[in-house]
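Positions in the first sequence are counted from 1; adding 116 to them yields the numbering used here.
Beta carbons are placed, not taken as given, at the ideal position from N, Cα and C, and that holds for glycine.
Below: one structure, written as structure tokens.
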Amino acid sequence: MSDKKPANFIEEIIEADLENGLNPDHLRFRFPPEPNGFLHIGHASAICLNFGLGEKYNKPVNLRFDDTNPAKEESKFVEAIQKDIEWLGYKWDNLCYASDYFQQLYDWAIQLIKEGKAYVDSQSSEQIAEQKGTPTQPGTNSPYRNRSIDDNLKLFESMKNGEFGESEHVLRAKIDMASSNMLMRDPIMYRVVNKPHHRTGNDWKIYPMYDWTHGESDYLEQITHSFCTLEFLPHRELYNWFLDQIVDKDKIRPKQREFARRNVSHTVTSKRKLQKLVDDGIVSGWDDPRMTTISGMRRRGYPAQAIRNFADSIGIAKRDNLVDMNHLEYFVRDYLNKEADRVMAVLDPVKLVITNYPEGKEEILQAENSQEDASRGYREVPFSKVLYIEREDYREEANKKFFRLKNGKEVRLKNAYIIKGEGCVKDENGVITEIHATYDPESKSGSGTEASMRRVKGTLHWVSAAHAVPVEVRLYDRLFNVAQPDADKDVDFMQFVNKESLKTITAFGEPALKDLEVGKTVQFQRMGYFSVDRDSTSENRIFNRTVTLRDTWAKIDQ
RNA sequence: UGGCCUAUGGUGUAAUGGUAACACUGCGGUUUUUGGUACCGUCAUUCUAGGUUCGAGUCCUAGUAGGCCAACCA
């Protein structure tokens, strides 16, 4: 039993089982992905649930690949999925594959046939579908339902031996064609698939269906609690029926329970839709930083811990939900605020000339790496007469709500001096090409002088023009401009793609940017968090905007 | 025109028959060498109608709304 109060109904189920005599030493969970695609934010929630349970109770969690359909599955997904789970920071106990159980499943199927509980149906899939009925109408029995056990055995073996083509025969459980649960209407247990399997090669010509495989796999691994999403709720009856046929009373009987899938706004997670975004070139691939795949979020610079904190915070329940993307972003900022070093980079540069600063003079200033954590120390930043600042940080005139640089008013250059706006130079189109300011030599940051302590409302980031490092910056925004792009089945989700979800610019950064390694995330002060992309070369650093800072000025300015 | 699941602020979750709580967002404010962070304040008669009870968000009934179920997918 856990020392903590149950956080949700899933934990309550576990606690109740423990109180009713389940030996806590037997607790075991599993995460069972199908290796037919990349993991996304929805999977991340399920991973955090199952592996989180393992951590909470200090009990093992298996990673099991549900690889029963060689037509869709590939080993590259097996590898990608493992990488994603490891990146999230979880460790599985046993690495399992449903395909490891093919022989056992086959043997049990033979047993069911011998007990008269399964039969070979030789109709087309259309005929079988027709007899299945509808949710409001009962089904009818297959003409092959009462085939002799011997015939069933022989046919099933022939299926296994590859003597039939796909769809000629299937093995069905004999349950109840009139059940109100469609899944109990003689569900298919095996079908012929003429494709090599990524692990078993050509050993098998028949492959077990999900329902026949999943519960039995849980049983073989002695999983106590098998948690899945709500759409599997009707499968529970069948899960239990299959277990009833083979379970040994002295062993753990796994229990399936269901929770509501957790959805995040402004994104899609269906494999088909993600593929479409890739195929249409809307994104650069499955790990494009705009994708809410785990690999995409990793590349974007989202910390694994932020995703875990997010999953933890949204909880788990049974009602439909749509969690706002800004909730996820909150945890990204929350984590990065504490963990990311600060640097200065100017995204939309305009020249600032300090007119009273000596020509040719250079100073090396000390800049703190983090206001949140002094122990992270200081770095050196060069200062000189000509700098770059953000174009939006200067106005010739502005009201007093604008506390950035304007003519005749003072502002502080972060880690440097207090300056006063003196004017600007414009080109023939009226575009500002150069801003002029004077500095107060007594006001150097950290000097301890009275002038340096002067209270000035605005603080700007800057980069020395002569020392500026040009870097490519990819400004990412939400991929969709509506909360639920796929809410309406009759409306194409593609029309909600945000055309401005990526803007690529060249920014000027302080020299320290050159040394950041791929995957490192820093805060560009006042601008947001940026992560070094793997497309970077030694000459050209490329930064992905992970997330902006909260920006109350942007709202005021509107 | 069947069966099953669900319904608590803008969003997500909690309250296990006894004063509707927490987080995010929004709004207002304090602090600040990031208009960031931190901190403070503020935003709900729990889908509707009946019933049980001293007492109902919680239990019961009916309604309403949303979701799931008719792949040889998982």
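For M305, the enclosing beta strand (DSSP E) starts and ends at I304 to V308. Using a Cβ distance threshold of 8 Å, T409 and G158 do not count as a contacting pair. Contact between the region 358-372 and the region 222-233 is established, with three or more Cβ pairs separated by less than 8 Å. A distance of 8 Å or more separates the beta carbons of D327 and Y306.
Distance from N210 to E337 at the Cβ level is roughly 7 Å; contact confirmed, criterion being Cβ atoms closer than 8 Å.
Take K276, set aside five residues on each side of it, and the residues of its chain with a beta-carbon closer than 8 Å to its own are Y222, W320, K321 and I322, in chain order. Per the coordinates, the alpha-carbon of P419 lies some 9 Å from the alpha-carbon of T637. N523 is a Cβ neighbour of E538, given a cutoff of 8 Å. Inside the region 271-320, DSSP marks whole beta strand (DSSP E) runs of 3 or more residues at positions 286-289 and 304-308, from first to last along the chain. Scanning its chain for C-beta atoms nearer than 8 Å, with the 5 sequence neighbours on each side dropped, one finds around D267 the residues V236, in chain order. DSSP, read as helix, strand or coil, puts E558 in helix. Per the coordinates, the alpha-carbon of T554 lies some 32 Å from the alpha-carbon of A456.
No Cβ-Cβ contact shorter than 8 Å links F125 with A427. In its chain, beyond the 5 residues on either side, P186 have a beta carbon closer than 6 Å to the beta carbon of H313. Distance from the CA of T664 to the CA of M643, rounded to the nearest whole angstrom, comes to 6 Å. In the DSSP annotation of this structure, T340 is not part of any beta strand (DSSP E), being labelled neither H nor E. A483 is bridged by DSSP to R495. Where S647 is concerned, the enclosing beta strand (DSSP E) starts and stops at G644 to V648. Within a 10 Å sphere around the beta-carbon of E128 sit fewer than 16 other beta-carbons, which makes this residue exposed. In the three-state DSSP reduction, G168 falls in the helix class (H, G or I). Rounded to the nearest whole angstrom, the CA to CA distance from I229 to H443 is 52 Å. Residue range I658 to T664 is occupied by the beta strand (DSSP E) that includes T662.
With fewer than three CB-CB distances shorter than 8 Å, the region 435-442 does not count as touching the region 648-668. Under the DSSP assignment, V394 falls in the alpha helix (DSSP H) whose first and last residues are K387 to D395. For F145, the beta-bridge partners assigned by DSSP are V177. Apart from sequence neighbours up to five positions away, the residues of its chain that approach S500 with a beta-carbon distance below 6 Å are E478, S580 and A582, ordered along the chain. When the Cα atoms are used, I535 and E616 turn out to be separated by approximately 36 Å.
If you look at Y592, you'll find it in the beta strand (DSSP E) that goes V585 to Y592.
Contact annotation: S381 and Q600 have beta-carbon atoms nearer than 8 Å. By the neighbour-count definition (other C-beta atoms within 10 Å, threshold 16), T471 is an exposed residue.
Three or more beta-carbon pairs separated by less than 8 Å link the region 287-296 to the region 250-264, which places the two stretches in contact. In this structure, F343 lies near N166, with their beta-carbon atoms less than 8 Å apart.
Distance check between T622 and each of E512, D604 and V466 places V466 closest, using alpha-carbon atoms only. Per DSSP, A123 lies in no alpha helix (DSSP H) and is assigned neither H nor E. In the structure shown, I201 falls within a helical segment according to DSSP collapsed to helix, strand and coil.
By the C-beta density criterion, Y206 is buried, having at least 16 other C-beta atoms within 10 angstroms.
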